[in-house]
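In what follows, a structure is listed as structure tokens, so that the remarks can point back to it.
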């Protein structure tokens, strides 16, 4: 073939590619079906990292689909109370909900292992276990019995251990406290003599103000500040031994999910993965600022003494083993997490600098 012929063929190829590109650009980037979902929230939408990922999810799906996929989220209680989201999705009353799945531990004991458990996986290891290990598969199996398809859609780091009128220097200091405490950590404190109650985040301030509870935990420093908890109690306990992370999930009615086109399902899954990353970044950015503001306002931030943490871990393991003896799925999830933590521990210990090095003078 002559150079002239080669140039002619190359010119034709470039022209064809140009026409194809122009054709693609002239049509929507992603052709999708129309999705219009009402999505009740368990927490207010402004809570950084915990719920703000649902905004990212809704915005990204709308943009990438050219407006075909729209998730309209509703603040807690506008459609259903926070504790009733799972049932509303399961029965098809609403196509989806965005929630902290630990609220449903009474129905599904294994869920607190996914929403944030004591002395458990930290976010990087949790994501590895969830996406690369057994986590995602087991959660889908759990929810299959309830006609729900679950998706991890947010993860943030450890919470504060809570707001207490007095410092905690011994396990005996929990005895007799009336406290709002979530998940498995609440069962640990019950074993230590505390009177534990579970109320939605939006009702905590009033409960403290009316002195119906003596102490509370809710979330991370920046989120607790949004709720104004520092206005009532000035003694803040850390670290969040009871929740080494917190997750939020998008729950979708299984029938609704199955009717979606594969492309739509893939976009929503990708959207939740993107939202998880975005929310984690937002959360990590916000926490040091909140702690600095607490310090200026006279909030006393106390780190629990190591002997207290060791004792809490001992009691936690007793509680975990008790629940595992009563529920087969809880045992499967717990065993999977423990096995991965043991496997991951060498990397965690040797690969990362000790925390004392993480400071710039």
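In this note's numbering, the protein residues as written are 10 to 370.
Built from N, CA and C at the ideal position, the CB exists for glycine as well.
- With fewer than three CB-CB distances shorter than 8 Å, the region 288-304 does not count as touching the region 89-104.
- A Cβ-Cβ distance of about 5 Å is found for the pair residue 353 and residue 134, placing them in contact under the 8 Å criterion.
- When rounded, the separation of the alpha-carbon atoms in residue 123 and residue 306 is 34 Å.
- Between the alpha carbons of residue 279 and residue 162 lies a gap of roughly 10 Å.
- Within the same chain, and ignoring the five residues on either side of residue 343 in sequence, the residues whose Cβ sits closer than 7 Å to its Cβ are 122, 329, 333.
- Residue state for residue 158 is assigned as strand, using DSSP reduced to three classes.
- Bridge partners of residue 247 according to DSSP: 312.
- Inclusion of residue 238 and residue 217 in the CB contact set at 9 Å is warranted, their separation being smaller than that value.
- Burial is judged here by how many other beta carbons sit within 10 angstroms of a residue's own beta carbon; residue 226 has at least 16 and is buried.
- Separation of residue 83 and residue 48 (C-alpha to C-alpha, rounded to the nearest whole angstrom) is 6 Å.
- Residue pairing for residue 258: DSSP places it in a beta bridge opposite 108, 161.
- Contact annotation, residue 58 with residue 291: C-beta distance approximately 5 Å; criterion of less than 8 Å satisfied.
- For the pair residue 268 and residue 146, the Cα-to-Cα distance works out to about 20 Å.
- In this chain, the alpha helix (DSSP H) harbouring residue 121 covers 121-124.
- Annotated as proximal: residue 258 and residue 110, with beta-carbon spacing under 9 Å.
- The bridge partners DSSP lists for residue 47 are 81.
- Runs of the alpha helix (DSSP H) lying entirely within the region 166-228, each at least 4 residues long, are 192-200, 213-218 in chain order.
- Per DSSP, reduced to three states, the secondary structure at residue 318 is helical.
- Residue 130 is not a Cβ neighbour of residue 289, given a cutoff of 9 Å.
- Contact annotation: residue 132 and residue 325 have beta-carbon atoms that are not nearer than 9 Å.
- In the DSSP assignment, residue 140 falls within the unbroken alpha helix (DSSP H) covering 132-141.
- Taking C-beta atoms as the reference points, residue 244 and residue 176 count as a pair closer than 9 Å.
- Between residue 107 and residue 260, the C-beta gap is smaller than 9 Å, which places the two residues in contact.
- Counting C-beta atoms within 10 angstroms of its own C-beta, residue 65 has 16 or more neighbours from the protein chains shown and is therefore classed as buried.
- For residue 256, the closest alpha carbon among the candidates 81, 72, 139 is that of 139.
- The DSSP-derived three-state label of residue 360 is helix.
- Take residue 205, set aside five residues on each side of it, and the residues of its chain with a beta-carbon closer than 8 Å to its own are 188, 189, 190, 195, 196, 198, 199, in chain order.
- The straight-line gap separating the alpha-carbon atoms of residue 168 and residue 60 is approximately 15 Å.
- When the alpha-carbon of residue 202 is set against those of 215, 208, 182, 214, the nearest one is in 182.
- Taking 9 Å as the cut-off, the beta carbon of residue 51 is found closer than this to the beta carbon of residue 209.
- Per the coordinates, the alpha-carbon of residue 99 lies some 33 Å from the alpha-carbon of residue 222.
- Taking C-beta atoms under 8 Å as the contact rule, residue 67 and residue 56 fail to qualify, at a distance of about 15 Å.
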